[in-house]
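Engineer: Under my numbering, think of the first position of the sequence shown as 6, with each following residue one higher.
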Amino acid sequence: MDRLRVVLRLILEPVGLLPAARLLRRVILAVIKPEVRRQELERLRRERARRKRFLQFKRQYEDILQHSLISGGNGHKRVLIIGAIRLLEIELGLIKALELAGFKPVVLILGNSRVLKRYYNLTGVREFHFWSEYIPSSRFFSAAKAVVDQRRSLEELLTFEYAGAHVGRIAASTTLRLLRLGSLDLTLDGVRHTVAEQVALGMASAIAAQNVLRRIQPRLALSIETGYTGKGELFDNCLANGVDVIRWHPAHKSNTLMLKRYTLENSYDHPHSLSSQSWRSVRAMEWTDAHREQLQRELYVGYASGDWYGENGTQFNKRLMDADEVQKRFGLDPGKKTVFLFPHIFWDASFSWGDDLFGNYEEWFIKTVQAACANDRVNWVIKIHPAHAGKGGKNGCHGEPAEVMTLRAHIGELPPHIVLIPADSDICTYSLFDLMDYCVTVRGTIGIEAAVRGIPVLTAGTGRYDHKGFTVDSETREEYLERIAHIQDIPPLSPTQRELAERYAYGLFLLRPLPLTSMTLEFGRDNDPDNYFSQTRFHIRTKEEWQTASDLGAFVEWVTHSHDEDFMDISCLEK
6 MDRLRVVLRL ILEPVGLLPA ARLLRRVILA VIKPEVRRQE LERLRRERAR
56 RKRFLQFKRQ YEDILQHSLI SGGNGHKRVL IIGAIRLLEI ELGLIKALEL
106 AGFKPVVLIL GNSRVLKRYY NLTGVREFHF WSEYIPSSRF FSAAKAVVDQ
156 RRSLEELLTF EYAGAHVGRI AASTTLRLLR LGSLDLTLDG VRHTVAEQVA
206 LGMASAIAAQ NVLRRIQPRL ALSIETGYTG KGELFDNCLA NGVDVIRWHP
256 AHKSNTLMLK RYTLENSYDH PHSLSSQSWR SVRAMEWTDA HREQLQRELY
306 VGYASGDWYG ENGTQFNKRL MDADEVQKRF GLDPGKKTVF LFPHIFWDAS
356 FSWGDDLFGN YEEWFIKTVQ AACANDRVNW VIKIHPAHAG KGGKNGCHGE
406 PAEVMTLRAH IGELPPHIVL IPADSDICTY SLFDLMDYCV TVRGTIGIEA
456 AVRGIPVLTA GTGRYDHKGF TVDSETREEY LERIAHIQDI PPLSPTQREL
506 AERYAYGLFL LRPLPLTSMT LEFGRDNDPD NYFSQTRFHI RTKEEWQTAS
556 DLGAFVEWVT HSHDEDFMDI SCLEK
């Protein structure tokens with residue numbers, strides 16, 4: 006069957022019939038398979054919702070967005086806008102800011118979404134390029150299959166590079182997301198085939214990326230995503246050709262953005278991290294009780310309001326509880342210290358940031374839980390990531406988290422000293438800190454928050470906040486597992502270590518975000534899937550207001566007059 010699919014693709018694609026054949030296949034499957042029919046109906050419903058939303062947005066803001074903010078002739082610097090549907094309306098505001106900075110926006114549309122072009126047209130963008138125009142006519146599946154067949158392990162696959170891109174790493178990460186798996190078993194035919202397909206797409210995408218850059222010759226690129234097939238190869242080739250990429254992303258609360266400038270030197274740094282320069286600045290700033298109180302208020306209000314990382318709804322419909330209530334609910338032994346283990350979503354941005362001690366998030370999780378089973382001198386609490394609900398809702402995927410299935414398959418029944426908090430628990434994560442004696446994660450944000458409270462944090466990967474003086478970092482798997490086996494012997498953070506954690510958190514949560522004033526960015530909180538999209542409003546009404554908006558002015562200043570990796574509000578550092 007796989008061979009037949011490849012042959013049909015080779016026959017139909019050159020004559021332009023592949024899209025029609027795929028549509029026909031979807032129709033047939035929808036008729037004979039109820040689950041496929043439900044998925045197709047959901048897809049159509051979402052498309053209708055997107056069209057309705059676009060028409061409403063157009064009526065409200067077309068006149069505002071159409072103002073041209075580029076002055077002079079046609080010799081402007083070109084910025085490549087790597088189009089994506091996610092948070093698209095906010096990106097339109099950033100495009101207007103880039104016009105103020107003297108850039109001419111050029112939009113590259115990777116998918117087949119007509120609504121994307123309609124949105125970008127609202128800003129007055131007139132130059133569009135389509136990914137399909139740049140994909141080479143050569144067929145890569147046979148070569149990709151050979152690449153996969155020659156790799157005896159996933160680790161070898163991750164090292165595969167092609168045409169300026171880390172194709173193996175990107176293909177593995179994309180496959181995990183597509184299949185919602187925690188690891189890739191290359192001995193399974195279905196997994197190998199999917200990996201080979203993604204490697205083939207990655208090889209074609211790497212060539213396409215080079216073609217795009219030669220044609221457009223941008224000075225800068227703007228993107229919300231950089232890690233999966235298509236965007237990943239484009240990201241790599243931009244950096245290899247000296248084109249900085251501005252990655253933007255929602256910060257930890259509504260109406261704020263994180264902005265990071267990527268070059269070859271920092272390509273694996275997490276978007277929500279401090280660069281070396283930012284960290285030096287934060288360590289050098291005056292540190293007072295007022296800063297500490299401001300930080301504590303930021304953390305508490307974010308959780309208490311439910312706004313903490315609202316894009317994925319991590320704290321929606323959660324409630325604060327006191328430590329006694331949590332302790333009694335899970336039957337934790339009050340005579341023991343308590344370790345909280347925070348697994349990452351296995352398939353989310355795997356292999357994207359830094360280096361891991363273990364092969365993937367799933368392997369780290371299994372080994373850590375196995376070690377926890379053998380250490381009953383402490384309570385262990387496994388907190389499944391609350392973003393499962395938000396990510397599943399946005400992607401139309403529901404069901405049991407992969408972490409829970411992994412526990413059942415590899416651990417079985419948990420011993421009495423280990424308890425599980427499910428992803429949909431009503432407990433606000435903030436409620437756990439008073440019970441927490443130790444925090445275990447690879448690189449999750451929770452590690453920063455725990456360290457602020459003097460709680461030792463054991464990491465199992467780099468690229469975020471490791472090796473900054475306030476975490477327990479291991480250089481080998483053996484060292485990490487030995488620490489897990491005797492975690493109860495690790496002392497609390499010293500006052501010096503805790504202050505370092507506070508400074509880092511202050512820089513990340515209070516200095517790095519760009520507060521939005523010309524736009525509003527909020528997220529739906531009910532169970533309506535349509536409201537998983539952002540709720541966006543523009544407050545600008547005239548061309549002059551575009552030119553004088555303080556948030557856009559700060560963004561323009563950073564883009565045009567700074568080489569700093571991080572956008573950061575340095576005004577308080579200069580006082």
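We treat Cβ as the ideally placed atom computed from N, Cα and C, and that holds for glycine.
Quick caveat: nothing in here was measured; it's all calculated off a predicted structure.
Do you know offhand how far Pro-534's Cα is from Arg-285's?
Structural biologist: Summary for Pro-534: the model assigns pLDDT 46, below 50, so the residue's position carries little reliability; its value from the coordinates is reported in the next sentence. If you take the alpha carbons of Pro-534 and Arg-285, they lie about 42 Å apart.
Engineer: Straight-line CA distance for Ala-455 to Tyr-435?
Structural biologist: Going by the C-alpha atoms only, they are around 10 Å apart.
Engineer: Is the region 483 to 500 close to the region 268 to 275, with three or more CB pairs under 8 Å?
Structural biologist: Not touching, per the Cβ criterion.
Engineer: Taking the alpha-carbon of Ala-149 as reference, which of Arg-517, Leu-557, Gln-71 and Gly-207 has the nearest alpha-carbon?
Structural biologist: Of the candidates Arg-517, Leu-557, Gln-71 and Gly-207, the one whose C-alpha sits nearest the C-alpha of Ala-149 is Gly-207.
Engineer: Kindly list the residues whose CB is nearer than 7 Å to the CB of Asn-532, restricted to its own chain and excluding five residues on each side of it in sequence; keep chain order.
Structural biologist: Confidence at Asn-532 is low in this model, with a pLDDT of 46, below 50, so its placement is unreliable and the value that follows should be read with caution. Excluding residues within five positions, none has a Cβ falling inside 7 Å.
Engineer: Quick check: Asp-442 and Val-344, are their CB atoms within less than 8 Å of each other?
Structural biologist: Yes, they are a contact pair.
Engineer: Along the chain, where does the beta strand (DSSP E) that runs through Phe-528 open and close?
Structural biologist: Residues 524 to 528.
Engineer: Does the distance from the CB of Thr-541 to the CB of Met-524 come in under 8 Å?
Structural biologist: Taking 8 Å as the Cβ cut-off, Thr-541 and Met-524 qualify as a contacting pair.
Engineer: Which residues mark the beginning and the end of the beta strand (DSSP E) in which Asp-249 is found?
Structural biologist: 249 to 255 is the extent of the beta strand (DSSP E) around Asp-249.
Engineer: May I have the straight-line CA-CA distance separating Arg-503 from Leu-113, to the nearest angstrom?
Structural biologist: Cα to Cα, Arg-503 sits roughly 45 Å from Leu-113.
Engineer: Determine, using beta carbons only, whether Arg-517 and Phe-475 come nearer to each other than 8 Å.
Structural biologist: Contact flag unset, no.
Engineer: Could you give the distance in angstroms between the alpha-carbon of Ala-377 and the alpha-carbon of Pro-420?
Structural biologist: One C-alpha to the other measures close to 10 Å.
Engineer: Rounded to a whole number of angstroms, what is the C-alpha to C-alpha distance between Ser-158 and Gln-65?
Structural biologist: Going from the Cα of Ser-158 to the Cα of Gln-65 covers about 53 Å.
Engineer: Going by alpha carbons, who is nearest to Leu-325 out of Pro-223, Cys-433 and Val-248?
Structural biologist: Closest by alpha carbon: Cys-433.
Engineer: Whose CA, out of Glu-104, Leu-218 and Ala-177, lies closest to the CA of Phe-135?
Structural biologist: Nearest C-alpha to Phe-135: Leu-218.
Engineer: Skipping 5 residues on each side, what residues in its chain have a beta carbon closer than 8 Å to that of Thr-411?
Structural biologist: Once the five neighbours on either side are set aside, the close Cβ partners of Thr-411 are Gly-187, Phe-351, Glu-367, Phe-370 and Ile-371.
Engineer: Is it buried or exposed, Tyr-537, if we count other Cβ atoms within 10 angstroms and call 16 or more buried?
Structural biologist: Reliability fails at Tyr-537, whose pLDDT of 44 lies under 50, so the model's placement of it is uncertain and no value is given.
Engineer: Is the shortest distance between the beta-carbon of Thr-128 and the beta-carbons of chain C less than 8 Å?
Structural biologist: Absence of chain C from the displayed structure is noted, only one protein chain being present.
Engineer: Kindly indicate which three-state DSSP category Asn-536 falls into: helix, strand or coil?
Structural biologist: Legend: pLDDT at Asn-536 = 44, less than 50; position of this residue unreliable, no value from coordinates given.
Engineer: Going by Cα to Cα distance, which pick from Ala-214, Leu-121, Thr-164 and Asp-429 is closest to Lys-63?
Structural biologist: Comparing Cα positions, the closest option is Leu-121.
Engineer: How close, in whole Å, do the beta carbons of Ile-387 and Ile-451 come, if the pair is a contact with beta carbons under 8 Å?
Structural biologist: The pair is not a contact, with the Cβ atoms about 13 Å apart (cut-off 8 Å).
Engineer: For Ala-506, which residues from the same chain have a beta carbon less than 6 Å from its beta carbon, with the 5 sequence-adjacent residues on both sides left out?
Structural biologist: Cβ within range, chain order: Ala-456, Val-457 and Phe-475.
Engineer: Less than 8 Å between the CB atoms is what I'm expecting for Gly-318 and Phe-543, so what's the real figure, rounded?
Structural biologist: Going by Cβ atoms, the distance from Gly-318 to Phe-543 rounds to 24 Å, so no, they are not a contact pair.
Engineer: Is the beta carbon of Arg-448 sitting closer than 8 Å to the one on Gly-468?
Structural biologist: Yes, these two residues count as a Cβ contact at 8 Å.
Engineer: To which residues of the same chain is Phe-347 closer than 6 Å at the C-beta, ignoring the five residues directly before and after it?
Structural biologist: Result list for Phe-347: Lys-388, Thr-446, Gly-449 and Ile-451, in chain order.
Engineer: Suppose the cutoff is 8 Å on Cβ atoms and the five residues either side in sequence are ignored; what does the same chain contact list for Leu-70 look like?
Structural biologist: Result list for Leu-70: Leu-97, Lys-101, Leu-127, Thr-128, Gly-129 and Phe-543, in chain order.
Engineer: Measuring CA to CA, which of Ala-392, Asn-380 and Pro-406 is closest to His-422?
Structural biologist: His-422 has its Cα closest to that of Asn-380, out of Ala-392, Asn-380 and Pro-406.
Engineer: Sorted by chain position, which residues of the same chain lie with C-beta nearer than 7 Å to Tyr-139's C-beta, five sequence neighbours on each side aside?
Structural biologist: So the qualifying residues of the chain are Ala-213, Asn-216 and Val-217.
Engineer: Helix, strand or coil for Gly-466 per DSSP?
Structural biologist: Gly-466: strand per DSSP, three-state reduction.
Engineer: Once DSSP output is grouped into helix, strand and coil, what is the label at Cys-444?
Structural biologist: Strand at Cys-444.
Engineer: Compute the distance between the beta-carbons of Leu-279 and Ile-251, then report whether it is under 8 Å.
Structural biologist: It is not a contact, given that the beta carbons lie outside the stated cut-off.
Engineer: Considering only the beta carbon of each residue, do Lys-341 and Arg-382 sit closer than 8 Å?
Structural biologist: Yes.
Engineer: Quick check on the burial criterion: 16 or more other C-beta atoms within 10 angstroms. Buried or exposed for Asn-79?
Structural biologist: Per-residue confidence for Asn-79 stands at a pLDDT of 49, beneath the threshold of 50, marking its modelled position as unreliable; no derived number is given.
Engineer: In chain order, what residues of the same chain have a beta carbon less than 8 Å from the beta carbon of Ala-211, not counting five sequence neighbours either side?
Structural biologist: Around Ala-211: Tyr-167, Ala-168, Gly-169, Ala-170, Val-172, Glu-238, Asp-241 and Asn-242.
Engineer: Nearest to Val-204 by CA position, among Leu-225, Arg-224 and Leu-163, is which residue?
Structural biologist: Here the closest residue by C-alpha is Leu-163.
Engineer: Given Phe-59, which residues of its chain have a CB within under 8 Å of its CB, disregarding the five upstream and five downstream residues?
Structural biologist: Contacts found: Val-120, Arg-123 and Tyr-124.
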